[in-house]
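Protein chains in written order, with the numbering used here: chain L, 1 to 110; chain F, 1001 to 1119.
We put the beta carbon where it would ideally sit given N, CA and C, even for glycine.
Everything below concerns the one structure shown next.
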């Protein structure tokens, strides 16, 4: 059971927009910045978003992040088949004194 | 471009010690934090801990009693040892560079290595 809660799966058509939610508590998301990762099994996970809404160099602006209270959201616009992957949110938990992650969301581009 | 590569045995017997090494290329190991993260089959990610290039470390409290991390700056490598392993430690183990800006995040990862605990 992951500390952060994500939907197991989401799907949308190519070209459409999808959002992935990440729910936590005041000890993690509520008082710390959130990061998001894209992972294709067998490859190295890729950082998409850090500090809630900042994109590393090379990440297209189709990817966006936001946070409100104890929840965070990853948005992906202009979906491409290459976006099919597992997506994870992560942050620091001040009570557990550890980095915590969501259980992951599998994105299917129909 | 920083690249990380995990190496070590893919099979470890129960009660023995799991040992992995991460080799960093394309950049220096100095001045950064370096982490280990694992993913059991069909489950989410679990942070194991980090080590600073100077050798100071911080471990996940749930694993602290069994974890030791070390760093070798001359080889641009850092390592993980996990003692008294059980089947529950079977997972893909990732190494990653850890950053801090308001909270911790991981900007470069290895592709991971599967470690199976079985007799």
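Using a CB distance cut-off of 8 Å, residue 90 of chain L counts as an interface residue toward chain F. Residues of the same chain with their beta carbon placed closer than 6 Å to that of residue 1103 of chain F are lacking, with the five preceding and five following residues left out of the count.
Excluding five sequence positions before and after residue 1007 of chain F, the CB atoms of its chain that fall closer than 6 Å to its own CB belong to 1021, given in chain order.
For the pair residue 93 of chain L and residue 3 of chain L, the CB atoms are nearer than the 8 Å cut-off. Residues of the same chain with a CB within less than 8 Å of the CB of residue 1014 of chain F, apart from the 5 flanking positions on each side, are 1085, 1086, 1087, 1117, 1118 and 1119 in chain order. In chain order, 39, 104 and 106 place their CB closer than 6 Å to the CB of residue 86 of chain L, counting only its own chain and leaving out the 5 sequence neighbours on each side. Residue pairing by DSSP places residue 1038 of chain F opposite F/1046 and F/1093 in a beta bridge. In the displayed model, residue 31 of chain L falls within a helix according to three-state DSSP.
Residue pairing for residue 1019 of chain F: DSSP places it in a beta bridge opposite F/1081. Straight through space, the alpha carbons of residue 1036 of chain F and residue 1091 of chain F are spaced by roughly 12 Å. By the Cβ-count criterion, residue 1100 of chain F is exposed, with fewer than 16 other Cβ atoms from all chains shown falling within 10 Å of its own Cβ. Each residue's CA atom was taken as its position, placing residue 89 of chain L and residue 47 of chain L some 10 Å apart.
Per the DSSP secondary-structure output, residue 106 of chain L pairs in a beta bridge with L/9 and L/86. Residues of chain L whose Cβ lies closer than 8 Å to the Cβ of residue 1044 of chain F are, in chain order, 2, 88, 101, 102, 103 and 104. Residue pairing of residue 76 of chain L in beta bridges, as defined by DSSP: L/18 and L/63.
Of all residues in the segment 32-44 of chain L, only 32, 33, 34, 35, 37, 42, 43 and 44 place a beta-carbon less than 8 Å from a beta-carbon of chain F. Along the segment 1044-1074 of chain F, going in chain order, the ones with a CB nearer than 7 Å to a CB of chain L are 1044, 1045, 1047, 1060 and 1061.
For the pair residue 1029 of chain F and residue 1053 of chain F, the CB atoms are nearer than the 8 Å cut-off. Residue 64 of chain L and residue 56 of chain L have their C-alpha atoms some 11 Å from each other.
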